[in-house]
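Enquirer: One structure, pasted below without further comment.
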Amino acid sequence: MRVIELHKSVTDSNDRDAEILRQQFESRGILLINLMSSAGSGKTTLLERTITDLRNKVNIAVLEADIDASVDAERIEALGAQSVQVHTDGMCHMDAGMTAEGLKAMDLEKTDIAFLENIGNLICPAEYATGASRNVMILSIPEGDDKPLKYPLMFEESDVLLITKTDTRPYFRFDMKKCVERVRFLNPDITIYPVSAKTGEGMEEWENWLLEQSEIIKGKVK
Amino acid sequence: MHELGIVVHVAKTLTELAEENNLKRIGSVTLEVGEVSGIITDYFVDCWNYFKVRYPLLKDCEMKLEIIKGINYCTECQHEYEAIRYGRICPKCHSEHTYLKQGNECNIKQIEAED
Ligand SMILES: Nc1nc2c(ncn2[C@@H]2O[C@H](COP(=O)(O)OP(=O)(O)OP(=O)(O)O)[C@@H](O)[C@H]2O)c(=O)[nH]1
Ligand SMILES: [Mg+2]
Ligand SMILES: [Zn+2]
Ligand SMILES: [Zn+2]
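Residue numbers (numbering that gives the first Met the number 0), protein chains in the order written: chain A, 0 to 221; chain B, 0 to 114.
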């Protein structure tokens with residue numbers, strides 16, 4: 000027996016897979032976005048509204064990841080957008096290998112933007128790179144303004160934070176200023192958009208960001 | 000089931016390492032696991048033992064764990080304190096401007112192998 004020292008993070012091999020996938024998508028001019036949040040904070044609802052609003056501007060496809068069931072993919076398909084459901088068999092996060100596998104089942108010839116709707120969980124999805132070019136996370140008003148304190152990593156890893164369900168603000172004690180302050184302490188570069196997928200408030204700013212990022216990725220190909 | 004995902008990555012890394020170094024069998028793997036990494040250590044080892052038997056390279060591979068303490072650092076008063084005991088708020092000055100200095104790791108430290 001001989002001892003071999005490694006001193007490697009277990010996520011090293013995943014980071015490598017993620018980098019390969021990211022380069023693949025960027026070389027095709029497709030913006031791949033990893034959408035993360037806790038369960039029920041409104042990922043699918045946000046995607047439904049975004050797809051509807053941007054219908055005439057960009058082609059959006061969605062990879063739905065869930066432990067089981069296919070209801071989210073059906074909701075996206077009902078809008079006429081392409082969607083594939085992957086089941087993670089009990090696993091609580093998506094990694095780059097699973098993302099690459101799921102994306103293989105899609106026809107991305109005409110796709111401008113591909114979303115991965117990650118498993119509803121504020122913790123470990125943030126620890127595993129998926130291969131996406133941008134990380135977007137949702138915190139909904141009912142979850143509370145203390146979540147950046149309890150689950151800092153996802154806030155640190157995200158390029159955009161959508162504070163959603165703003166239409167419910169009258170019913171919850173949610174200190175917007177404090178929340179933004181806490182998030183900025185963790186991640187000074189993050190872009191924050193308060194939105195409501197129900198009333199449409201703030202959706203335009205978010206959608207403009209999305210279109211802008213898509214242009215950036217396409218620009219890299221030329 | 001978070002632990003199974005990690006086990007898959009450990010197995011993958013060891014398989015690649017074995018190919019590069021022509022290893023026939025791996026007798027043990029030592030991991031450094033942070034106290035606040037979210038990994039449930041008993042469950043992790045169970046997952047490993049369940050998973051490894053499918054691979055000839057790993058079937059006798061014992062998983063050994065070394066725990067790394069969770070330490071938070073306060074940027075207001077420079078105090079370092081136990082993350083598990085006190086959480087996010089600094090026990091000295093009560094600031095919430097603290098961050099985890101160590102304790103979130105999951106590293107493969109070393110293996111014992113046969114050529
Ligand atoms: N009032 C209000 N409700 C919303 C909004 N967005 C989503 N919801 C509601 O929140 C609930 C959960 O929404 P989903 O879009 O299914 O949430 P999700 O994050 O995709 O859930 P999982 O995929 O199960 O993790 C539904 O009842 C939605 O109608 C919003 O902007 N305002
Ligand atoms: Mg959903
Ligand atoms: Zn997980
Ligand atoms: Zn302090």
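All residues carry an ideal CB built from backbone N, CA and C; glycine is no exception.
#1: Any contact between the stretch 84-104 of chain A and the stretch 36-44 of chain A? By contact I mean 3 or more CB pairs, one from each, below 8 Å.
#2: Using a cut-off of 9 Å between C-beta atoms, extract the partners of B/Thr12 located in chain A.
#3: Whose C-alpha, out of B/Gly86, B/Glu31, B/Val7, is nearest the C-alpha of A/Glu4?
#4: Counting pairs of beta carbons, one from the stretch 15-31 of chain A and one from the stretch 175-184 of chain A, are three or more of them closer than 8 Å?
#5: On a Cα-Cα basis, can you pick out the residue from B/Glu113, B/Ala10, B/Leu99, B/Leu3 that is closest to B/Ile39?
#6: So B/Asn106 and A/Ser12 are in contact, right, with Cβ under 8 Å, and what is the actual spacing, rounded?
#7: I'd like to know if the stretch 144-153 of chain A and the stretch 196-216 of chain A are in contact, where contact means that at least 3 CB-CB pairs between them fall below 8 Å.
#8: Using a threshold of 8 Å, is the CB atom of B/Ile66 nearer than that to any non-hydrogen atom of ligand 3?
#9: So B/Ile39 contacts chain A; which residues on that side make the cut at Cβ distance below 9 Å?
#10: When the Cα atoms are used, what is the spatial distance from A/Asp71 to A/Ala196?
#11: How about B/Gln77: is its C-beta nearer than 9 Å to some C-beta of chain A?
#12: Quick one, which of A/Ala95, A/Asp65, A/Met175 has its alpha-carbon nearest A/Ser82's?
#13: Under 9 Å, do A/Asp111 and A/Ser213 count as touching if we go by C-beta distance?
#14: Is the number of C-beta pairs between the stretch 72-79 of chain B and the stretch 87-104 of chain B that are closer than 8 Å three or more?
#15: Can you give me the start and stop residues for the alpha helix (DSSP H) that A/Ile216 sits inside?
#16: Opposite B/Thr29 in the DSSP bridges: which residues?
#17: Any heavy atom of ligand 1 inside 8 Å of the beta-carbon of A/Ser139?
#18: Flag B/Glu61 as yes if its beta-carbon sits less than 9 Å from any beta-carbon of chain A, otherwise no.
#19: Counting only the same chain and skipping the five closest in sequence on each side, list residues whose C-beta sits under 7 Å from that of A/Asp52.
#20: For a contact defined as C-beta to C-beta under 8 Å, what are the partners of B/Gly69 on chain A?
Expert: Taking the coordinates as given:
#1: no
#2: Leu5, Lys7, Val9, Asp11, Ser12
#3: B/Glu31
#4: no
#5: B/Leu3
#6: The pair is not a contact, with the Cβ atoms about 13 Å apart (cut-off 8 Å).
#7: no
#8: no
#9: Ordered by position in chain A, no residue passes the 9 Å Cβ test against B/Ile39, which lies about 12 Å from the chain.
#10: 16 Å
#11: no
#12: A/Asp65
#13: yes
#14: yes
#15: 202-220
#16: B/Lys63, B/Gln109
#17: yes
#18: no
#19: Met202, Glu206
#20: None at all; the shortest Cβ gap to chain A is about 13 Å.
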